[in-house]
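*Asks:* Below is one structure. I have some questions about it.
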């Protein structure tokens, strides 16, 4: 096994494990046991790292794609990605797009929205998650936050589906 192949396998397993853990365990447990303000603070620190991994590791995986023999010799790295077509390009590309969208657009906008809700909470004297009625401004911010959170969750789900799909391809290469 080459260093490149080892790097590829470790990158894939780290990314899949991190995504599964954060999606189904870490995020849920944190939400259930931490006060909302602590949970929000924790996630605002974790998400940039998490989304950064979801963006960078698929790129590293493409660069370290294990070489395989084909009609033209050996194809590894980016050449191997091209030679293996949609089974590699689609999931790794989707993974990068989902991570990058969360890293540079959705994540920062969600954080801004949370900050705006904190300011509005002080004006209203009421938490965003308290029982209604809420001010029109808080209603708009809560709706915006819900939409952003939903988009981020869908992007994260897209990442997970892409990684599992890629895992099927990778397992086929091992078999």
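In UniProt numbering, the protein residues as written are 1 to 175.
C-beta: ideal position from N, C-alpha, C; glycine also.
A quick note: this is a predicted structure, and the numbers were derived from the prediction, not measured.
Mind the definition here: the stretch 156–167 touches the stretch 117–126 only if three or more C-beta pairs lie below 8 Å; say whether that holds.
*Replies:* Output reads no: the stretch 117–126 does not touch the stretch 156–167.
*Asks:* In whole angstroms, what is the alpha-carbon distance linking residue 165 and residue 106?
*Replies:* Rounded to whole angstroms, residue 165 to residue 106 spans 24 Å at the Cα level.
*Asks:* Would you mind listing the alpha helix (DSSP H) stretches within the UniProt domain "TMEM205-like" (10–118) that are 4+ residues and don't spill past its ends, in chain order?
*Replies:* Counting only runs of 4 or more, we get 27–33, 36–63, 77–83 and 86–101.
*Asks:* Short check: CB of residue 176 to CB of residue 8, under 7 Å?
*Replies:* Here the chain covers residues 1 to 175 and nothing more, so residue 176 does not appear.
*Asks:* Within 10 angstroms of the Cβ of residue 14, are there 16 or more other Cβ atoms? Answer buried if so, exposed if not.
*Replies:* Exposed, by the Cβ-count rule.
*Asks:* Measure the CB-CB distance between residue 52 and residue 100 and report whether it falls below 7 Å.
*Replies:* No, the Cβ-Cβ distance between residue 52 and residue 100 is not below 7 Å.
*Asks:* Using the three-state DSSP reduction, which class does residue 124 fall into: helix, strand or coil?
*Replies:* Residue 124: helix per DSSP, three-state reduction.
*Asks:* Check whether the Cβ atoms of residue 95 and residue 66 sit closer than 7 Å, and answer yes or no.
*Replies:* Going by C-beta atoms, residue 95 is not nearer than 7 Å to residue 66.
*Asks:* Near residue 155, what residues of its chain come up, given a Cβ to Cβ distance below 6 Å and the 5 sequence neighbours on each side ignored?
*Replies:* Within the same chain, residue 155 has close Cβ partners 98, 101 and 102.
*Asks:* When burial is assigned at 16 or more other CB atoms within 10 Å of the CB, is residue 27 buried or exposed?
*Replies:* Result: buried.
*Asks:* What first and last residue would you give for the alpha helix (DSSP H) that runs through residue 138?
*Replies:* Taken as a continuous stretch (DSSP letters only), the alpha helix (DSSP H) holding residue 138 covers 136–174.
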